[in-house]
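Q: Below: one structure in C-alpha cells.
2 protein chains.
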Amino acid sequence: MSLDALHDLTLTGPNLLVETAPEVLAAYATDQGPVLAYIEPLAVVWPTSVADVQLVLRWASATGTAVVPRGAGTGVSGGAHATGGCIILCLDRMNRILEINAQDEVAVVEPGMINADLNAAAAAHGLMYAPDPASYLTSTIGGNVATNAGGLRCAKYGVTRDSVLALDVVLADGTLISTGRRTFKGVAGYDLTSLFTGSEGTLGIIVGITVRLRYLPVEIRTIAAFFPDFPTAAAGVLAVGAARVQPAIMELLDGATLTALDEAHGSDLRARGDALLLIQTDGFGAGAEADVVRSVLSELGGTVSTEGAAEAERLVELRRHSRGDAVPDQLRVGEDVAVPRSALVRYVAELERMARQYRVNLKVVAHAGDGNLHPTFWVQAADNGGRERLDAALDESIAVALTMGGTITGEHGVGQFKLHWLPQEQRAEVLELQRRVKAVFDPAGILNPGKAIPGDPH
Amino acid sequence: MSLDALHDLTLTGPNLLVETAPEVLAAYATDQGPVLAYIEPLAVVWPTSVADVQLVLRWASATGTAVVPRGAGTGVSGGAHATGGCIILCLDRMNRILEINAQDEVAVVEPGMINADLNAAAAAHGLMYAPDPASYLTSTIGGNVATNAGGLRCAKYGVTRDSVLALDVVLADGTLISTGRRTFKGVAGYDLTSLFTGSEGTLGIIVGITVRLRYLPVEIRTIAAFFPDFPTAAAGVLAVGAARVQPAIMELLDGATLTALDEAHGSDLRARGDALLLIQTDGFGAGAEADVVRSVLSELGGTVSTEGAAEAERLVELRRHSRGDAVPDQLRVGEDVAVPRSALVRYVAELERMARQYRVNLKVVAHAGDGNLHPTFWVQAADNGGRERLDAALDESIAVALTMGGTITGEHGVGQFKLHWLPQEQRAEVLELQRRVKAVFDPAGILNPGKAIPGDPH
C-alpha cells in the first residue's frame, strides 16, 4: 500500500528510481559491518536531485516510514544496515562536483561523489581533499561526512569534520536547510555542521557538501622502519613526537598483519621484522623531517629504509588494504578503538593477553599518530564456542580501551554494531541529551532508527 | 530576597565569592563589545570549583535567575554584557592547569586559565596550544572555547574548535556532563563538544577543557612585504596559495592601519608602503617556504624583507595590537566578517567605497589566510549625525560580505551586538532549529539570554 504510494512518487519525481526486486533488496540490505539481524528493506530508492530527496522525506514523514541513507555501503559498523520496514535511500547517483574554486580552496559536491574522484579533480588545481579513509577509492563524501570518517592522514590534516565547511541537509519533514559557510572561519550560530557530521544519517539527509581543500604537498617522503618487536615500534611513535615531527601518515603494523599481507600480496614484509612503522612526511619540510625520523628510529634499533616512490606507494596501499577481505570459513571482526598515544604499547599488550586467554587470532594495525587502533580478532567458523570467545575478547578489548581513557570508535562510527558499547563510554545524562537533540531534528524518529545513539530506554 | 539566598549559598559553598558592591557591579557589567543598553548585574559570583558552579546553577534554576558566564571579559561582541536581573558568573579564579601530558600531547585546564599561561606551561614540553586570539595575554581558555576564538595562526592550525578534545559542562539545572574524549579521534555519539564550542555560554557553563597540543615549531621565518596598494598585497595572498605554501600567519594591513600603528608605537611602517603583507612560515619547511614566499611576492612588486627575529616578533605584536585602544572622543566599531579568499580585494574596495559614501574613517586588517577581515570604522564623537552614518556603513559592510558568500562573524562571535544581523545570514528554519536545540539544554532560558541566537520570535 505505502509501497504503491512510493512508486507513485516517481510520477512527481520522474528521475527518482524505486527498486523492489528481491536481488536489489538483498544487495542493499547491509553495509560491510557485522550483521546482527538480517533485515531487507521495503525498497531501495535512488534520488538524483535535492528535490527528489525532499519528495521522499515528505512521503516518509507522512507514512511514518523509516529511511536509511546510504552512500557506497562501505561502512563497517552497520550504520547503513536495513531496519524493519525501512527504505534504503541510496545517494550514489547524486555524485557531481558542483564547483571547485582553486582561489577559495573549496569544493562543493553532491553526497554520492567518490572520495578519490574528488581528489583527482582537485589535483588538477594542485589541491587535495585531505580525509582519506582506506575506502577512498569507493566510499562517498556523503558517507564520509555521515560517519566523520578518518583515514591515514588525520594526525596532520584532521578528520572529515575538519574539512567540512558547510552542508545542505534535508530534514525528516523534507525541509531543506543550509548550515555553515563557505569561509574557512565562521562562528555565527551553533555549529550545526559539526553536529550533522558523524551523526550517521540520524538527524538529516546530507545532500550538499562544501569542503575545504588543502595544498597537494610539494614533496612526500616515506620511511619504513622494521622493528624486532611491537613495543619498540610503538616507542618510535612517541620518539617521533618528541622530535617535534608531525608526519602526514604514521601507521603501525604488527607481525600478524605483516604475515597476512605477505600471504595476500606476495610481499616479504614479515621477513624484515616483527613490526613495521610506516611514516610519510610531506610538504616543504618533508626531507628534513624524514632525516629526523630516520635518525630517531635508527637510534631505537629500527631497521630504517627510505623507500623509493613506487615501493613507498605500494607499502601505503598495502596498509590501506590491511583490513583484508572477508574469509568465508572465518568469523572475523575488526575493531576501531582509540587510546591516548602513550597507552599504545600497554593496550596492545592487553590485546595479546586477551587473544591468548580467549584463544582467538589477532592482528593489529594502528593509525599510531592519533592512537587509533584497528585490531582484528578472528576464529575459524567451525570452531565450537568460537563465536562466544570472540565476543568475549571484543567486549574486553572495548572495556580496557575505556579504562585507558580511550573511545569505542575512533573513526568507523557507532552504527548498529557498537551501540551496545556506547553506554560504557557515555553516561546516561549525555545519552539522554543526544536523544533529545535527535528529537529536535527528527521528532517522529524515522531517520536511520536504532543507529548512532541508543533509542529511548523507557 | 533572592540575593539574600545567593549570599546564603556561600554557607554551602564556602569558597564561593559573591559581590554586590556598586563598583564591582559596574566593573563587570560589560565586556569590550559595543554597549547597546547598559545594564548592571544583580551580583558578581566567583566560583572556585565545579561544585561551586553546580551550586550556583541549581540556585539560578530554582529562582529563574539569568546567568551570564564570563572569563576575562575581553570579548568584543557583548557576549558577556549583563542582562536584566542577571548574575555574572566569573570563572577567572578557576584557572589551574590540571594536567599536561607531553606524550599524549594534551592538556586539561580549568576555564579561567589564561591562554598565554597555558602556552608558557606547554612550551616547557616543546608544545604549544595553537589558537592565539590577539587577546592571548589576557583572555581565558574558557572564553576562547565559548566563542570558538580564532587568531593569527588559524589558517594553518585551525580555530579553537579544532584543538578542543573534551569538555566538562555544567548544565542549567546543575548537572555536570562530560563530552568528547581525550583521544585525537573519536566518533562515538553526536559532536556535543563542537556544539558547546562557540555557543557563548547559552547551552551550559564550561568548567573543564581538554585540548590537543601541537609541536612548537623548530623554526619560524617572518617575511614583511610592503606593497604600493592594497589590491596588489591581497593578490599576494592568492599567489602564496597558488605556490602551495601554507603560512602559519598571513596578515594583511592597510595603509590606515600602518599609520595608526606608527602613531601609537612610533614605528615607520607607513613610510615603507601602503599595505603590508606579514607572513610567518614555521616548522621544518619554514626556510624553504619563506624562500618561495619572498620570490612570489617580489615578482608581484612587493618590497620584501626578511625580518630578523626581534623585528619580526615586534611586527607580529604590533599586528596583534592593531585593533587599538578605545579613543574617548571617537565612536569606533571593529568588524569581523569573513569572505572567501578570492573576494578579499573586491570586498576591501567596497569598504573603501562605503567609507567615502558615509564619510566615516576606515582601517582594515585581515587574517588574510582565511579571509577574515577586521575593518574598523570610526567617526568623531562630536560629529553630528556621525553615529547614524557609522551604523549605515556597518550595516552595509555586513550585507555586502554576505552577498560575497561571507559570514557576519569570523571569530568574535555573535554575542549581543551582532544578533540583529544573524537573520540576514541564517534562514528562519535554521534559527528555529537552534532555538529548539537551546531548549534541550536550557529549557527555562536562564543561560546568557539574548546572546548568540535570537530568542523566540513569537
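Residue numbers (this note's numbering), protein chains in the order written: chain A, 1 to 458; chain B, 1 to 458. Quick reminder that beta carbons are idealized off the backbone N, C-alpha and C, glycines included. Given the structure is predicted, the values throughout are model-derived calculations rather than measurements.
(1) Could you give the distance in angstroms between the alpha-carbon of Ala-401 (chain A) and the alpha-carbon of Asn-144 (chain A)?
(2) Assuming Gln-280 (chain A) contacts Thr-222 (chain A) (C-beta within less than 8 Å), just tell me the rounded distance between them.
(3) Counting along the chain, where does the alpha helix (DSSP H) carrying Thr-303 (chain B) start and finish?
(4) For chain B, check one thing: does any of its Cβ atoms lie closer than 8 Å to the Cβ of Lys-451 (chain A)?
(5) For a quick check, are the C-beta atoms of Leu-16 (chain B) and Phe-441 (chain B) less than 8 Å apart?
(6) Within 8 Å of any Cβ in chain B, is that where the Cβ of Cys-86 (chain A) sits?
(7) Measure the Cβ-Cβ separation of Leu-57 (chain A) and Gly-174 (chain A) and say whether it is below 8 Å.
(8) Give me the residue from A:Ile-177, A:Arg-341, A:Leu-252 and A:His-7 with the minimum Cα distance to Val-45 (chain A).
(9) Note the first and the last residue of the continuous beta strand (DSSP E) segment covering Gly-287 (chain A).
(10) Taking C-alpha atoms, which residue in A:Gly-78, A:Leu-3 and A:Ser-298 lies nearest to Ile-39 (chain A)?
(11) Is it true that the segment 234-250 of chain B meets the segment 288-298 of chain B, where meeting means three or more beta-carbon pairs spaced less than 8 Å apart?
(12) Tell me whether Val-327 (chain A) is buried or exposed, calling it buried when 16 or more other Cβ atoms sit within 10 Å of its Cβ.
(13) May I ask you to verify whether the segment 339-346 of chain A touches the segment 264-280 of chain A, counting CB pairs closer than 8 Å and requiring at least 3?
(14) Give the straight-line distance between the Cα atoms of Met-1 (chain B) and Thr-30 (chain B), rounded to the nearest whole angstrom.
(15) Within the segment 170-246 of chain A, note down every full beta strand (DSSP E) run reaching 3 residues or more, in order along the chain.
(16) Give a yes or no on whether the C-beta atoms belonging to Val-278 (chain B) and Val-316 (chain B) are separated by under 8 Å.
(17) Going along chain B, which residues have a C-beta under 7 Å from Gly-371 (chain A)?
(18) Anything in chain B within Cβ reach of Gly-459 (chain A), meaning under 7 Å, just list it in chain order.
(19) Confirm, please, whether the CB-CB distance from Thr-202 (chain B) to Asn-448 (chain B) is below 8 Å.
(20) Using a cut-off of 9 Å between C-beta atoms, extract the partners of Cys-154 (chain B) located in chain A.
(21) Return helix, strand or coil for Arg-70 (chain A), following the three-state DSSP convention.
(22) Is there at least one Cβ from chain A nearer than 8 Å to Met-1 (chain B)'s Cβ?
(23) How many Å lie between Ser-163 (chain A) and Tyr-190 (chain B) at the Cα?
(24) At the 8 Å Cβ level, is Ile-446 (chain A) part of the contact set with chain B, yes or no?
(25) In chain A, which residues lie less than 7 Å from Arg-244 (chain B) when you measure between Cβ atoms?
(26) Go to Asn-361 (chain A), then tell me how far its beta strand (DSSP E) extends in each direction, as first and last residue.
(27) Put Met-354 (chain A) into one of helix, strand or coil per three-state DSSP.
(28) Taking Asp-282 (chain B) as the reference, give the member of B:Thr-63, B:Ala-130 and B:Phe-226 with the closest Cα.
(29) Would DSSP call Asn-372 (chain A) helix, strand or coil?
(30) Quick one: what's got a C-beta closer than 8 Å to Pro-41 (chain A)'s C-beta in the same chain, skipping five residues either side?
(31) Is DSSP giving Cys-154 (chain B) helix, strand or coil here?
(32) Does any residue of chain B have a CB that is nearer than 8 Å to the CB of Arg-341 (chain A)?
(33) So, does the segment 387-401 of chain B touch the segment 344-360 of chain B, judging by three or more C-beta pairs under 8 Å?
(34) What does the Cβ neighbour count give for Arg-387 (chain A), buried or exposed, with the cut at 16 atoms within 10 Å?
(35) Can you say whether Gln-380 (chain A) is buried or exposed, counting buried as having 16 or more other CB atoms within 10 angstroms of its CB?
(36) Going by alpha carbons, who is nearest to Phe-227 (chain B) out of B:Val-218, B:Asp-254 and B:Pro-247?
A: According to the data block:
(1) If I take the Cα positions, the gap works out to 24 Å.
(2) Contact annotation, Gln-280 (chain A) with Thr-222 (chain A): C-beta distance approximately 5 Å; criterion of less than 8 Å satisfied.
(3) Annotation for Thr-303 (chain B): no alpha helix (DSSP H) segment contains it, though the beta strand (DSSP E) segment containing it runs 303-306.
(4) False, the Cβ-Cβ gap to chain B never drops below 8 Å.
(5) Contact flag unset, no.
(6) Residue-level contact by beta carbon fails for Cys-86 (chain A) and chain B, as no gap is shorter than 8 Å.
(7) In contact: Leu-57 (chain A) and Gly-174 (chain A) (Cβ atoms closer than 8 Å).
(8) Measuring from the Cα of Val-45 (chain A), the nearest candidate turns out to be A:His-7.
(9) No beta strand (DSSP E) holds Gly-287 (chain A); the alpha helix (DSSP H) holding it covers 286-299.
(10) With distances taken between Cα atoms, Ile-39 (chain A) lies closest to A:Gly-78.
(11) Yes: the two stretches touch, three or more of their Cβ pairs being nearer than 8 Å.
(12) It counts as exposed.
(13) Counting Cβ pairs under 8 Å, fewer than three are found: no touch.
(14) For Met-1 (chain B), the pLDDT reaches just 43, beneath the cut-off of 50, and the residue's location in the model is therefore unreliable, although a value from the coordinates is still provided. Taking C-alpha positions only, Met-1 (chain B) is separated from Thr-30 (chain B) by approximately 24 Å.
(15) Listed in chain order, they are 176-180, 205-212 and 220-227.
(16) Correcting the residue type first, residue 278 (chain B) is Leu in the shown sequence and not Val. Between Leu-278 (chain B) and Val-316 (chain B), the C-beta gap is smaller than 8 Å, which places the two residues in contact.
(17) For a Cβ distance threshold of 7 Å, residue set Thr-183 and Phe-184 of chain B lies close to Gly-371 (chain A), ordered along the chain.
(18) This structure leaves residue 459 (chain A) out entirely; chain A is present only between 1 and 458.
(19) Closer than 8 Å, so yes.
(20) By Cβ distance, chain A contributes Phe-184 and Lys-185.
(21) In the structure shown, the three-state DSSP call for Arg-70 (chain A) is strand.
(22) Here the model assigns Met-1 (chain B) a pLDDT of 43, short of 50, so the residue's position is not dependable, and the following value carries that caveat. For Met-1 (chain B), the answer is no, since every Cβ of chain A falls outside 8 Å of its Cβ.
(23) Here the alpha carbon of Ser-163 (chain A) sits roughly 17 Å from the alpha carbon of Tyr-190 (chain B).
(24) Residue contact check for Ile-446 (chain A) against chain B: no CB pair falls below 8 Å.
(25) Neighbours of Arg-244 (chain B) on chain A, chain order: Gly-126, Tyr-215, Leu-216 and Val-218.
(26) Unbroken beta strand (DSSP E) run through Asn-361 (chain A): 361-367.
(27) Look at Met-354 (chain A) here: in three-state DSSP terms it is helix.
(28) Selected option, being the one with the closest Cα: B:Ala-130.
(29) Looking at Asn-372 (chain A) - three-state DSSP - the assignment turns out to be strand.
(30) Cβ within range, chain order: Leu-25, Tyr-28, Ala-29, Val-68, Ala-82, Cys-86, Ile-87 and Ile-88.
(31) DSSP places Cys-154 (chain B) in helix when its eight states are reduced to three.
(32) Cβ-Cβ to chain B under 8 Å: yes for Arg-341 (chain A).
(33) Enough Cβ pairs lie closer than 8 Å, so yes.
(34) With fewer than 16 other Cβ atoms within 10 Å, it is exposed.
(35) By the 10 Å Cβ count, Gln-380 (chain A) comes out exposed.
(36) Of the listed residues, the one whose Cα sits closest to Phe-227 (chain B) is B:Asp-254.
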